[in-house]
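K.L.:
Going by this note's numbering, the sequence shown opens with residue 156, and the numbers climb by one from there. Before anything else, here's the structure in question.
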Amino acid sequence: MQQNPLPSSVTGIDSLIHAAGHHRPLAPGLPATDLAPLLDDVRDAMVAIYCDHDAQAAHRIEHARALLRDQAGSSMAAWSLLEEAAFHLRLHHPWSALSALRQAGDALLMVRLDGGRA
Numbered sequence: 156m157q158q159n160p161l162p163s164s165v166t167g168i169d170s171l172i173h174a175a176g177h178h179r180p181l182a183p184g185l186p187a188t189d190l191a192p193l194l195d196d197v198r199d200a201m202v203a204i205y206c207d208h209d210a211q212a213a214h215r216i217e218h219a220r221a222l223l224r225d226q227a228g229s230s231m232a233a234w235s236l237l238e239e240a241a242f243h244l245r246l247h248h249p250w251s252a253l254s255a256l257r258q259a260g261d262a263l264l265m266v267r268l269d270g271g272r273a
């Protein structure tokens, strides 16, 4: 067996970069989900909360929920996290709403990495 000349940390980084470059193709007949508008709504809602514009944030969350509801292959995790963010915002708990929005954004990014499947 040939020994790898690279230090283990570099080998791990190299493996991670290599693995990130590969993704599974979509299943036949499954449409790609356009996540850009959803991610924009999530980011805009977060900015609105930081700027203390809760009504604007609630509007962006509702728009994201509507977009997610209409898209095939959408993430149930993102859906429930957007619901949670809206709930916290209604209770005037902006930091909890921000946390849920961050997690919803992560869930949407995972859908993108998974090729549009949730």
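For each residue, glycine too, the CB sits at the ideal point set by N, CA and C. Keep in mind it's a predicted model, so treat the numbers as computed, not measured.
Skipping 5 residues on each side, what residues in its chain have a beta carbon closer than 7 Å to that of Pro192?
P.N.:
Result list for Pro192: Leu222, in chain order.
K.L.:
With DSSP collapsed to three states, give me the class of Asp207.
P.N.:
Here Asp207 sits in coil by DSSP.
K.L.:
Counting C-beta neighbours from all protein chains within 10 Å, is the total for Arg179 16 or more, i.e. buried, or is it exposed?
P.N.:
Any reading at Arg179 must be qualified, since the residue scores a pLDDT of 45, below 50, and its modelled position is unreliable; the value itself is stated next. When all chains shown are included, Arg179 counts as exposed.
K.L.:
Tell me which residues share the same chain as Leu253 and place their Cβ nearer than 7 Å to its Cβ, disregarding the 5 neighbours each side in the sequence.
P.N.:
Met201, Ile204.
K.L.:
Out of Ile216, Asp199, Gln226, His248, point me to the one whose CA is closest to Val143's CA.
P.N.:
Outside the shown range of the chain (156 to 273) lies residue 143, about which nothing can therefore be said.
K.L.:
For Ala255, which residues from the same chain have a beta carbon less than 7 Å from its beta carbon, with the 5 sequence-adjacent residues on both sides left out?
P.N.:
Within the same chain, Ala255 has close Cβ partners Leu236, Glu239, Ala240, His243.
K.L.:
Please look up how many angstroms separate the CB atoms of Asp189 and Arg215, rounded, as I've assumed it's under 8 Å.
P.N.:
The pair is not a contact, with the Cβ atoms about 17 Å apart (cut-off 8 Å).
K.L.:
Just the Cα atoms here: how many angstroms apart are Arg220 and Leu268?
P.N.:
Spanning the two alpha carbons is a distance of roughly 20 Å.
K.L.:
Tell me the DSSP secondary structure of Ser251 in three-state form.
P.N.:
Three-state result, Ser251: helix.
K.L.:
Taking the alpha-carbon positions, what's the Asp196 to Cys206 distance?
P.N.:
Approximately 15 Å between the Cα atoms of the pair.
K.L.:
Taking the CB atoms as reference points, tell me whether Ala262 and Ala232 lie closer together than 8 Å.
P.N.:
Cβ distance < 8 Å, so Ala262 and Ala232 count as in contact.
K.L.:
Which residues mark the beginning and the end of the alpha helix (DSSP H) in which Leu237 is found?
P.N.:
Taken as a continuous stretch (DSSP letters only), the alpha helix (DSSP H) holding Leu237 covers 231-245.
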